[in-house]
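The numbering used here puts the first residue of the sequence shown at 67, with every later residue one more than the last. No residue lacks a Cβ here, since even glycine has one placed at the ideal position from N, Cα and C. Worksheet for the structure shown next.
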Amino acid sequence: MGNFNLYLNSPCTTSADFTAFLSSLNLTLHINSPSHNRGLTLDLDIRLPAVYTSTRANLLSAVLASNIGLLGIALISVGAIRRIPVGQNEVHLFLTIMMLLALCWILFYVSYIARHKHIIIYRDTNAGPVWLRGGLLLFAGGSLLLHLFKIGYFIGSTGCQHPITIIFFVTQIAFLLAQTYFLWVHCKTCVQLQQDISRCGLSLLLTSNLMLWVSAVTDEFLHQTDSNDLPESKFLTIEGNSTECHCNSSICHHLQLGSDYLYPFNIEYNLFASTMVYVMWKNVGRFLDQFAQNKGNFYLHGFPIGLVLGLVGILVGLVIFIICEVKMTFNEWKIPALIMYYIFNIVLLSLMSMVSLLGSFIYILDKRSIDQRINPTRNLEVNLLLGTEMGQFSVAYFSIVALVSIRPHEPLAILSLMFSLITIIQHALQSIFIIKGLYRQPHLPAVGPGHVQGNQLTWKRRFLKEITSFLLLSNIIVWIILAFGPRSQFTSGTVKEFYGFHLWVSILNFGLPLGIFYRMHSVVSLFHVYQKA
Numbered sequence: 067m068g069n070f071n072l073y074l075n076s077p078c079t080t081s082a083d084f085t086a087f088l089s090s091l092n093l094t095l096h097i098n099s100p101s102h103n104r105g106l107t108l109d110l111d112i113r114l115p116a117v118y119t120s121t122r123a124n125l126l127s128a129v130l131a132s133n134i135g136l137l138g139i140a141l142i143s144v145g146a147i148r149r150i151p152v153g154q155n156e157v158h159l160f161l162t163i164m165m166l167l168a169l170c171w172i173l174f175y176v177s178y179i180a181r182h183k184h185i186i187i188y189r190d191t192n193a194g195p196v197w198l199r200g201g202l203l204l205f206a207g208g209s210l211l212l213h214l215f216k217i218g219y220f221i222g223s224t225g226c227q228h229p230i231t232i233i234f235f236v237t238q239i240a241f242l243l244a245q246t247y248f249l250w251v252h253c254k255t256c257v258q259l260q261q262d263i264s265r266c267g268l269s270l271l272l273t274s275n276l277m278l279w280v281s282a283v284t285d286e287f288l289h290q291t292d293s294n295d296l297p298e299s300k301f302l303t304i305e306g307n308s309t310e311c312h313c314n315s316s317i318c319h320h321l322q323l324g325s326d327y328l329y330p331f332n333i334e335y336n337l338f339a340s341t342m343v344y345v346m347w348k349n350v351g352r353f354l355d356q357f358a359q360n361k362g363n364f365y366l367h368g369f370p371i372g373l374v375l376g377l378v379g380i381l382v383g384l385v386i387f388i389i390c391e392v393k394m395t396f397n398e399w400k401i402p403a404l405i406m407y408y409i410f411n412i413v414l415l416s417l418m419s420m421v422s423l424l425g426s427f428i429y430i431l432d433k434r435s436i437d438q439r440i441n442p443t444r445n446l447e448v449n450l451l452l453g454t455e456m457g458q459f460s461v462a463y464f465s466i467v468a469l470v471s472i473r474p475h476e477p478l479a480i481l482s483l484m485f486s487l488i489t490i491i492q493h494a495l496q497s498i499f500i501i502k503g504l505y506r507q508p509h510l511p512a513v514g515p516g517h518v519q520g521n522q523l524t525w526k527r528r529f530l531k532e533i534t535s536f537l538l539l540s541n542i543i544v545w546i547i548l549a550f551g552p553r554s555q556f557t558s559g560t561v562k563e564f565y566g567f568h569l570w571v572s573i574l575n576f577g578l579p580l581g582i583f584y585r586m587h588s589v590v591s592l593f594h595v596y597q598k599a
C-alpha cells in the first residue's frame, strides 16, 4: 500500500470516471484538491489486487500442517502396533487436542465475521456447489450416528475403557457439528481479513480432518485383523492386557454392528471436508472477478436413456447387494455369492468403460474451446481423481501379479483376474472423460434471431448428457457396493496366501478407502461435467 499524487492533464476526465476505472483495478481514490482549470490532483491509496498475497503465510501454514500431519501419522501408526508402548489413549488425546484447537479457530472466525458485517466478501462461485454440501451433510449425519453408537458401546463396556475415549468421541461430535456449519456457510468465501491467521487456522483444520481419516482407516484395519483372530490385534482391547473389552448385551451387539456399516460415512466425511477446506485455503486473499459460472439445467430432453439405464443399474445392484449379504452368512453359499458379485461388477464396469470411451471421442469432435482460467476447485478435482484412482490401481495390480503367478483354474480366481483388469481400464477411461469435460468451456445458449434453434440440444450435447447421467448413477451403485457390500478382496484366499495376510490387508486398507472416495468424488465431478454439457 502506498500514497502518491497523480496529475491529470485531460480536461475531459472527471473524478467519477476515474474512480470507476480505479475501482476496476481495486484502487482506492481520495480527492485532495480538485482543480477545474488544469485537471485533478488526486491522492491514491493503492491496494494492489493479488491472487495469492502472502508467500510467507502460505509457507508457514504449509510447514505447520506438514509437521503436525507427520506427527499424527507417526502416533497413529505406532498406536496400532501392540508391542510399542504407545496406545490408542495417546492417539485419542492427540486427536482431541487437534480438534479442540481447530474448533477454537472456527468459533473465532465465525464470531469475527459476524462482528464485521460491513466488509466486502469475495466468493468463489465454483467452490462448494449445493450437491457437494449436500453430500457433506449426508456423510455428517452418518458420522454423527457412528460416534453416538461408539459412545453407547463404550459406556456399555464400563470398567475397561479409558475416559479419554469417551472424551474423544464427544469432542468429535462437537467438531463435526461446528465444521459442517462452517463449511456449509463459508466454503465459497475468499478470506480477506486476518489472512495469516486464517491460513494457519485452515491448515490446522485440514490436518485435523486428514488425521481423523487416517485414524478411521487404521481402526478399519484393526477391525479386519480382529475379525481374523490375529494375536496382534488391538481393536477394543484393554491397554496393557490381552483381554478384550466385551459388552455382552444385545444392545451392544447391535451398536457394534451398526458401527461397522457406518464406518464408510465417517471416512468419506473427513475426505469431503478436507477437499473443501483445501479450496478455502487456496482462496485466502484472492480477489475474484466473479467470473460467471454456467448454471446449466437438468431438464429432460426426449427419452432419458442414460438416466433409465443408470436407474436399472442401481436397482439390479441393490438386489445383488442384498442377495450377496444374505448368502455370505452361510459358508456353502459364499462362493456362489462372490461369483454373482464379480459377474455384476464386470458387466457394469465394462458398460461404463465403453460409454466413457464414446464420450471421449465425442469431446474430440466438440468445437468448444478449453477453459484456461484459474480455478482451484477444478484443479483439486483433477488432482483428486488422478490421486485416488491409485488406490484401486494398486489393489488391482497386486491382484493381477498374484493371480498370473499362481495361474489358478478356479472360476472365482478367473473372475477376480477379469475384475482387476476391467477395474484398471474403467478407472482410466472414466478419469479421461471427466477431465476432458471439466476443462471444456460451458455451453452458452445462442441469442438473437436463431436463439430457438441454438438452445436445442445437438446430438453431441445429447449424447454427452446421457453418458454423464449413466456414469453418475453407476458410480453411486458401485460406491454403495464397495463401501457396504462384501469385501471380496479380504475373502480371496488365493491372493491372501500369495502375499500373506499382513501385507495383503495393508494393501487393501491403503487402496480401498481411496477407491471408495474416488467413486463419490466422481459423482461430484460428473455433476460438473453434466452442467457444462
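Assignment of alpha helix (DSSP H) within the region 369 to 407, counting only whole runs of 4 or more residues, yields 371 to 393 in chain order.
Pairwise C-beta distances place the region 259 to 277 out of contact with the region 196 to 204, as fewer than three of them are shorter than 8 Å. Non-local beta-carbon contacts of Tyr219 in its own chain, meaning distances under 8 Å to residues more than five positions away in sequence, involve Cys313, Cys318, Leu321, Gln322, Ser325 in chain order.
Check the Cα spacing between Arg528 and each of Met456, Leu417, Tyr429, Thr341: the tightest is with Tyr429. Within a 10 Å sphere around the beta-carbon of Val251 sit fewer than 16 other beta-carbons, which makes this residue exposed.
According to DSSP, Cys256 shares a beta bridge with Tyr188. Contact annotation: Cys253 and Arg352 have beta-carbon atoms that are not nearer than 9 Å. The beta carbons of Ser340 and Leu276 sit about 6 Å from each other, so the pair counts as a contact at 8 Å. Judged by beta-carbon spacing, Phe583 lies beyond the 9 Å limit of Leu268, meaning their Cβ atoms are not closer than that value.
Under the criterion of beta carbons closer than 8 Å, Ile233 and Thr162 qualify as touching, at roughly 6 Å.
For Gly379 and Leu167, the gap between their C-alpha atoms comes out near 45 Å. CA-to-CA, the gap between Gly577 and Leu278 works out to about 17 Å. When rounded, the separation of the alpha-carbon atoms in Thr534 and Phe160 is 43 Å. A straight-line Cα-Cα distance of about 30 Å links Val374 and Phe459. Assignment of Arg473 by DSSP, reduced to helix, strand and coil, places it in the coil class. By the criterion of at least three beta-carbon pairs nearer than 8 Å, the region 473 to 480 is in contact with the region 396 to 410.
According to the DSSP assignment, His158 belongs to the alpha helix (DSSP H) that extends over 154 to 181.
The closest CA to that of Leu483, considering only Val561, Gly425, Asn349, Ile501, is found on Val561. Just measuring C-alpha positions, the residue of Phe564, Phe248, Ile547 sitting nearest Leu384 is Ile547. For Arg527, the secondary structure class from DSSP, reduced to helix, strand or coil, is helix. When C-beta atoms of the region 592 to 599 are compared with those of the region 497 to 507, three or more pairs fall below 8 Å, so the two segments count as touching. In the three-state DSSP reduction, Arg265 falls in the helix class (H, G or I). Scanning the region 550 to 597 for uninterrupted alpha helix (DSSP H) segments of 4 residues or longer gives 559 to 565, listed from N- to C-terminal end. In terms of Cβ geometry, Arg585 and Ile542 form a close pair [threshold 9 Å]. Of the residues Ile179, Ser486, Ala193, Leu539, the one whose Cα lies closest to the Cα of Val343 is Ala193. Taking a contact as a CB-CB distance under 8 Å, the pair Ala468 and Tyr565 counts as one, their CB atoms being some 6 Å apart. The continuous alpha helix (DSSP H) containing Gln322 extends over residues 316 to 349. If you draw a 10 Å sphere on the C-beta of Ile333, you find 16 or more other C-beta atoms in it, and that means buried. Remark: C-beta atoms of Phe241 and Leu169 approach each other more closely than 9 Å.
Taking a C-beta distance under 9 Å as the contact criterion, Glu391 and Val590 do not qualify as a contact pair.
Going by DSSP, His213 is part of the alpha helix (DSSP H) stretching over 196 to 222. Counting other Cβ atoms within 10 Å of its Cβ, Ala282 reaches 16 or more and is therefore classed as buried. Spanning the alpha carbons of Phe485 and Glu563 requires a straight line of approximately 19 Å. The criterion of a C-beta distance shorter than 9 Å is satisfied by Leu271 and Gln245.
For Leu538 and Tyr327, the gap between their C-alpha atoms comes out near 23 Å.
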